[in-house]
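A.B. asks: At position 26 of the sequence shown the residue is numbered 26 (the UniProt record's numbering), and the sequence of numbers has no breaks. Please see the structure below; I have some questions.
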Amino acid sequence: MVDHLANTEINSQRIAAVENCFGASGQPLAVPGRVLLGEGILTKECRKKPKPRIFFLFNDILVYGSIVINKRKYNSQHIIPLEDVTLETLPDTLQMKNRWMIKTSKKSFVVSAASLTERKEWISHLEECIRHLLTKTGRQPSTEHAAPWIPDKATDICMRCTQTKFSTLTRRHHCRKCGFVVCADCSRQRFLMPRLSPKPLRVCNLCYRQLLAEKKKEAEADCGQPEPIRSAIPGYEPSSGDDSDKSDDDKADQWPADTEFYTSEVSWSSFHS
Numbered sequence: 001m002v003d004h005l006a007n008t009e010i011n012s013q014r015i016a017a018v019e020n021c022f023g024a025s026g027q028p029l030a031v032p033g034r035v036l037l038g039e040g041i042l043t044k045e046c047r048k049k050p051k052p053r054i055f056f057l058f059n060d061i062l063v064y065g066s067i068v069i070n071k072r073k074y075n076s077q078h079i080i081p082l083e084d085v086t087l088e089t090l091p092d093t094l095q096m097k098n099r100w101m102i103k104t105s106k107k108s109f110v111v112s113a114a115s116l117t118e119r120k121e122w123i124s125h126l127e128e129c130i131r132h133l134l135t136k137t138g139r140q141p142s143t144e145h146a147a148p149w150i151p152d153k154a155t156d157i158c159m160r161c162t163q164t165k166f167s168t169l170t171r172r173h174h175c176r177k178c179g180f181v182v183c184a185d186c187s188r189q190r191f192l193m194p195r196l197s198p199k200p201l202r203v204c205n206l207c208y209r210q211l212l213a214e215k216k217k218e219a220e221a222d223c224g225q226p227e228p229i230r231s232a233i234p235g236y237e238p239s240s241g242d243d244s245d246k247s248d249d250d251k252a253d254q255w256p257a258d259t260e261f262y263t264s265e266v267s268w269s270s271f272h273s
């Protein structure tokens, strides 16, 4: 499919249409050899509540963003290199079905599809692209993954001290190491984790002690090896947290869909061939 679509006019038009939908807030997506394989709306489990997100699968990256006007305008673009992605199928919950986790070294999150068939299709195409990239680059599958953030509503009390109750005055915080929902007293420490961010990040007390112990052990072993070089793609944000609550006003639960995204009238959830 990639060889068939590469360097074709229809592929260039499709990529240009995606760039146009993101507008000036998005990163350029057209590079030699890049092919848009498919797109669709998936539900992403965010910090506050599940939200629909538009996803675009290319042969080397996964792009997603918030929906402003469906098939016409998106924002909060995120770009994830596929060579850093690992997938994990998850069981259904009462609220969400057809779930799976997208895990990377910098960001991990849960998404769900509208049907079991759609989930299988997404996972199949993602895994094929990942296999092709790893074979091409000679890299091994990633084994280090950022912890996904546990949703705010999953607990009413701090998951570390189990004493502090959250309220409008007592805020929830997330440990960037384990993803637990914790109170301020249990997450006063900051720790530099270069894999996630160039700045020290909030961690819970338990993770802070573990990270200090690991750092001390590495120092004693004089293990000063540099971090492996990873793909530096603009827009790939170093965070496991909710990506767009700050830009989402929850204004529209319904989006106008009277304008086709492509002139070929492909379905809103499809893979191009």
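Just so it is clear, CB atoms sit at the ideal spot from N, CA and C, and this is done for glycine as well. Please read all numbers here as calculations on a predicted model, not as lab measurements.
Let me know the alpha helix (DSSP H) ranges lying completely inside the region 88 to 153, each 4 residues or longer, listed in chain order.
C.D. replies: Within the region 88 to 153, the complete alpha helix (DSSP H) runs of at least 4 residues are 116 to 137.
A.B. asks: Quick check: the Cα distance between residue 121 and residue 39, rounded to an integer number of angstroms?
C.D. replies: So the two alpha carbons sit approximately 11 Å from each other.
A.B. asks: Can you name the residues that DSSP bridges to residue 74?
C.D. replies: Per DSSP, 67.
A.B. asks: Reducing DSSP to helix, strand and coil, say where residue 166 ends up.
C.D. replies: Three-state DSSP puts residue 166 in coil, outside helix and strand.
A.B. asks: For a quick check, are the C-beta atoms of residue 63 and residue 79 less than 7 Å apart?
C.D. replies: Yes.
A.B. asks: In the DSSP output, which residue or residues are listed as bridge partners for residue 4?
C.D. replies: Answer is none; residue 4 lacks a bridge partner.
A.B. asks: Measuring CA to CA, which of 193, 53, 208, 66 is closest to residue 25?
C.D. replies: Of the candidates 193, 53, 208, 66, the one whose C-alpha sits nearest the C-alpha of residue 25 is 66.
A.B. asks: Indicate whether the contact test is met: 3 or more Cβ pairs, each with one atom in the region 174 to 188 and one in the region 154 to 166, closer than 8 Å.
C.D. replies: Yes: the two stretches touch, three or more of their Cβ pairs being nearer than 8 Å.
A.B. asks: Less than 7 Å between the beta carbons of residue 111 and residue 42, yes or no?
C.D. replies: Against a cut-off of 7 Å, the Cβ pair of residue 42 and residue 111 comes out as a contact.
A.B. asks: What does DSSP give as the partner residues of residue 201 in its beta bridges?
C.D. replies: Bridge partners of residue 201: 191.
A.B. asks: So what's residue 38 in DSSP terms, helix, strand or just coil?
C.D. replies: Three-state result, residue 38: strand.
A.B. asks: Which residues in the same chain as residue 145 place their Cβ atom closer than 7 Å to its Cβ, once the five residues preceding and following it in sequence are excluded?
C.D. replies: Closer than 7 Å at the Cβ level, and outside the excluded window around residue 145, lie 86, 103, 104, 105, 108.
A.B. asks: Can you tell me the Cβ-Cβ gap for residue 206 and residue 200, rounded? I've got them flagged as a contact below 8 Å.
C.D. replies: That pair is no contact at about 17 Å.
A.B. asks: Distance check for residue 137 and residue 187, CA to CA, integer angstroms please.
C.D. replies: Near 39 Å, if we compare the C-alpha coordinates of residue 137 and residue 187.
A.B. asks: Since residue 61 and residue 81 are thought to touch, with beta carbons under 8 Å apart, how far apart are those beta carbons, to the nearest angstrom?
C.D. replies: With 8 Å as the limit, residue 61 and residue 81 qualify as a contact, their Cβ atoms being about 6 Å apart.
A.B. asks: Identify the continuous alpha helix (DSSP H) that holds residue 180 and give its terminal residues.
C.D. replies: That residue, residue 180, is in no alpha helix (DSSP H); it is neither H nor E in DSSP.
A.B. asks: Have a look at residue 73 and residue 4 and give me their C-alpha separation to the nearest angstrom.
C.D. replies: Going by the C-alpha atoms only, they are around 28 Å apart.
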